[in-house]
Amino acid sequence: MTYSPARMGLLACFALILGCGGSGPETGTLDGQVLLKGAPYSKPAELAIISMETGQAATAPLDAEGRFQFAGKIVVGNYTAYLTPAKPKENAEQPMSVTIDTSVPDQYWNEATSPLKITIKQGNNSETLNLE
């Protein structure tokens, strides 16, 4: 079986097209700590981030020292951060009431009013967010 130059060129084009698939968007990781007036925020809550440009969002629970670590990768870009009430545990025997901690100013509980801005860059990102 012989191959013409045109057929070889066509095969080369297909190989390039198949081999040039994008590797996806650049991503980073995010961890850090939430402080309330300079002290670790220790009440049950989650930190949420949302990109107002793409709508991409993620949440991470806060531990007793206000620390957080987002699971997985986050697409690089600009995000607004805000608090959300802690999610009830899946295996909880009793329903958990959802409350918003009034010691935190209202603006931090809403993505539309939160002044907290985070820029995710490729690689590891660490942020300390101080709620005033």
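The sequence shown begins at 95 in our numbering and counts up by one.
Think of the CB as a built atom: it goes at the ideal place given N, C-alpha and C, for glycine as much as any other residue.
Just so we're clear, the structure is a prediction, and the values are computed from it rather than from any experiment.
Taking the Cβ atom as the reference point for each residue, do residue i and residue j lie within a distance shorter than 8 Å?
i	j	result
G171	Q127	no
D195	A139	yes
F164	A180	no
I144	I212	no
Who pairs with residue i in a beta bridge, going by DSSP?
i	result
T213	N172
F162	G126
P179	A139
L225	L130
I144	A151 and T174
N219	L124
Any idea if residue i is buried or exposed, counting beta-carbon neighbours within 10 angstroms, 16 or more meaning buried?
i	result
A175	buried
E221	buried
If contacts are defined as beta-carbon pairs under 8 Å, then residue i and residue j qualify, I think. What distance do you get, rounded to the angstrom?
i	j	result
L141	L177	6 Å
M130	S197	Here the sequence assigns Leu to residue 130, which means Met is not the residue at that position. About 7 Å separates the two Cβ atoms, so the contact holds.
Please return the same chain residues whose Cβ sits closer than 6 Å to the Cβ of residue i, not counting the five positions on each side in sequence.
i	result
N219	G122 and L124
K183	none
Q216	E120, G122 and V170
Excluding the 5 residues flanking residue i on each side, which residues of the same chain have their C-beta closer than 8 Å to its C-beta?
i	result
Q201	T207, S208 and P209
E147	G171 and N172
P119	V169 and V170
K167	T121, G122 and T123
P231	What is shown of the chain runs 95 to 226, which leaves residue 231 out entirely.
P189	P182
W203	Y176, L177, T178 and I194
I'd like the list of long-range same chain contacts for residue i, defined as Cβ closer than 7 Å, with 5 residues on each side in sequence excluded.
i	result
E226	K131
N224	L129 and G132
L156	V128, Y135, A139, E140, L141 and F162
A158	S136
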